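Using the numbering used here, the first residue of the sequence shown is number -7, and each one after it goes up by one.
For each residue, glycine too, the CB sits at the ideal point set by N, CA and C.
None of these values were measured; they are calculated from a predicted model.
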Amino acid sequence: MPTVHLLDYVAGNVRSLVNAIEKVGYTVEWVKLPADVPSAEKLIIPGVGHFGHCLTQLDKAGYIEPIRAHIEAGKPFMGICVGLQALFEGSEEDPEVKGLGLIPARLKKFQDEDKSVPHIGWNNANTSRTGEVTDESLYGLRPSSKYYYVHSYAAPYTDGELEKAGWTVATARYGNEEFVGAVARDNVFATQFHPEKSGAAGLRVIKAFLDGTKSQKLPEKPPASATKEGLTRRVIACLDVRTNDQGDLVVTKGDQYDVREKDGVSTGGAVRNLGKPVDMAKKYYEQGADEVTFLNITSFRNCPVADTPMLEILRRTSETVFVPLTIGGGIRDTVDTDGTKISALDIATMYFKSGADKVSIGSDAVTAAEEYYARGKKLTGATAIETISAAYGNQAVVISVDPRRVYVHSPSSTPHHTIRTKTPGPNGEEYCWYQCTIKGGREGRDFDVRQLVTAVEAMGAGEILLNCIDKDGTNSGFDLELINDVKEAIKIPVIASSGAGNPGHFNEVFAQTRTDAALGAGMFHRGEYTVKQVKEYLQEKGQLVRQFEE
Ligand code: 1PR
């Protein structure tokens, strides 16, 4: 098999990239030292996290000159995400750090007045300009395809500027900002999106680069409308995973977080077993899920952290599932079975190395946020949220929130932030506040969701997974009031979760809230609806969704 060299300079989920390269028929050889670079024929530089961190790492390790020499020698070079950003002169993210300067422009932060930042999700990479549609594809990019982006900084696109310097540019639009999604010139190609996480559309791009197919005719000329779209509605499948009473790892699903069968006579109150995690993740990927989330709902504390079964689940899933994977449960500082201290960052690193793109923190985030207020809103830099986001970027840190409604007759009866609800409480209470819980809903805290989400945003979280215990497993639709309330309070993206029972609920949450994504579990696991059906329904209702590509 032909080889491609991959630069291993910064931690992150490179496993998925290796899997994607192998899937299209190439093998990976690691560049571990600058001296390895000259022997590379095709070189790929991935990158996640901060521009400054990545560039400083490259510089310190002595890679900058060998990379320049590789590019100047005319050998194929590809940069991914921060690997694309490295080609620019610099970035607003770390103004004092220099990029390679091949592209005469700088990266800027997205404006967050009218939209969530980071920009997370599926968007375009179009080479067509101002309505004129081309039937030539750049490295397999198609105007009708969607690609997975996750970043807060981007190169704004100014008509014709980069083209003057000889670059071919593919762009995407986020809100009213048009930015560079991919660039190519001679032997250099770079994408702001992650092709290894962009399903079949992304694999096609990697293959085209590795095969050296810079330009080819599109199978069909796309409609002009395809070039103007933007970020799609994200539909996420979530798998709650735990060991059952026989010790097998199963996908389970609770009703308001109770995962035991209710029919105690025939089942003995057993843990509900809905299938095998790896197989189910693959099934949802093939149905068109935009992301897959695994929540390890009980910590596997009877084995060393390095042997956690979830690591193997991620490794196996990332071989066949080329969309982002999130893993949650047990991400906190802990003590291993042999007594060694192990940090939340170490645990997250193991997950990223095994194929996860994001980690989701539940209980530990609540404790950290409570302490943040107790300190007078001072950051320590030492919490799981801060250490993981400093190393891997904000976009890699999701906070999973498990709130429960507490009804009150009037806002003055609680110090917490209340909302007036359309579904009054059992005693006719017209107001409620959302109480944060920890340990899978088992312990309620004197702390509300608004306090939590604003604190974790300040601490560097990149996204909120917003569950709702009252709605979980009820099939009665999402808690729209909760979602609207949280969206009002923060700028980072929100994933609506809990209560989805049919495709109409997905349409409702996208139409009636500003949620960035919506997640379903039970309705998919029980086979009532497929992810594909949800997307078809959303499309019928005029929502922009990603089409699954074979
Ligand atoms: O606290 O960092 O160890 O993380 C534990 C994680 O496990 C948290 O993300 C917490 O939400 C989750 N968790 C803990 N116990 C349960 C349980 O069910 N007993 N599951 C649990 C939470 C909620 C959603 C669910 C949606 C959609 N599951 O993920 O998938 O509510 O369900 P639906 O569409 O069927 O209504 P830590």
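| Asked | Found |
| --- | --- |
| Backbone CA spacing between F470 and N459 [nearest angstrom] | 9 Å |
| Neighbourhood of F540 by C-beta, 6 Å cutoff - its chain only, sequence neighbours within 5 removed | G280 |
| Among G91, V313, V390, the one whose alpha carbon lies nearest that of H45 | G91 |
| Buried versus exposed, by CB contacts within 10 Å (16 or more), A65 | exposed |
| Neighbourhood of I482 by C-beta distance below 8 Å, restricted to the same chain and skipping five residues each side | V445, T446, E449, I456 |
| Any non-hydrogen atom of ligand 1 within 7 Å of N265 CB | no |
| Endpoints, the beta strand (DSSP E) within which G512 is located | 509 to 512 |
| T19 classed as buried or exposed, judged by whether at least 16 other C-beta atoms fall within 10 angstroms | exposed |
| Close-in-space but distant-in-sequence residues of the same chain around L94 (CB under 6 Å, 5 per side omitted) | L79 |
| Whole runs of the alpha helix (DSSP H) within the segment 456 to 538, excluding any shorter than 4 residues | 472 to 481, 495 to 504, 514 to 517, 523 to 532 |
| Buried versus exposed, by CB contacts within 10 Å (16 or more), L25 | exposed |
| Per-residue burial, V351 [other beta carbons within 10 Å of its own, 16 or more giving buried] | buried |
| CB-CB length for G514 against G465, believed under 8 Å | 5 Å |
| contact_flag[the segment 316 to 329, the segment 345 to 364] where n(CB pairs < 8 Å) is 3 or more | yes |
| Range of the contiguous beta strand (DSSP E) that encloses E153 | It is not in any beta strand (DSSP E) - E153 instead sits in the alpha helix (DSSP H) that spans 153 to 156. |
| Simplified DSSP state of V127, which is helix, strand or coil | Sequence check: residue 127 is Asp here, not Val. Note: D127 maps to coil in three-state DSSP. |
| Inter-residue Cα distance where the pair is E378 and V175 | 32 Å |
| Residue span of the beta strand (DSSP E) that contains L96, given as start and end | Checking the sequence shown, residue 96 turns out to be Pro, not Leu. Counting along the chain, the beta strand (DSSP E) containing P96 begins and ends at 95 to 101. |
| For T415 and Q427, the rounded distance between their alpha carbons | 17 Å |
| For Y427: DSSP bridge partner residues | Looking at the sequence shown, residue 427 is not Tyr but Gln. Q427 is bridged to R396, D440. |
| Residues that DSSP places opposite Y139 in a beta bridge | N115 |
| Close beta carbons around H(-3), own chain, < 6 Å, minus the five adjacent residues each side | E21, V23, A32, L35 |
| S136 versus D104 - alpha carbon distance | 27 Å |
| Alpha-carbon spacing of N268 relative to T285, whole angstroms | Note on identity: in this sequence residue 268 is Lys, with Asn being the wrong assignment. Those two C-alpha atoms are separated by around 14 Å. |
| Nearest residue (CA-CA) to T505, options V197, L76, R225 | R225 |
| M302: CB within 7 Å of a non-hydrogen atom of ligand 3 | Absent from the structure shown: ligand 3. Ligands present: ligand 1. |
| Rounded straight-line distance, which links the Cα of G173 to that of K345 | 26 Å |
| N459: CB within 7 Å of a non-hydrogen atom of ligand 1 | yes |
| CB contact flag (I323, A382, <8 Å) | no |
| Residue of I72, V486, E542 minimising C-alpha distance to V227 | V486 |
| Pairwise C-alpha distance: I380 and A374 | 9 Å |
| Coarse secondary structure for H(-3), derived from DSSP in three states | strand |
| N288 - containing alpha helix (DSSP H), residue span | That residue, N288, is in no alpha helix (DSSP H); its beta strand (DSSP E) goes 283 to 288. |
| Residues of its chain near L511, where Cβ-Cβ distance is below 6 Å and the 5 sequence neighbours each way are ignored | I228, C230, I487, S489 |
| Burial state of K245, where buried means 16 or more other Cβ atoms lie within 10 Å | buried |
| Those residues which DSSP pairs with M70 across a bridge | I36, F181 |
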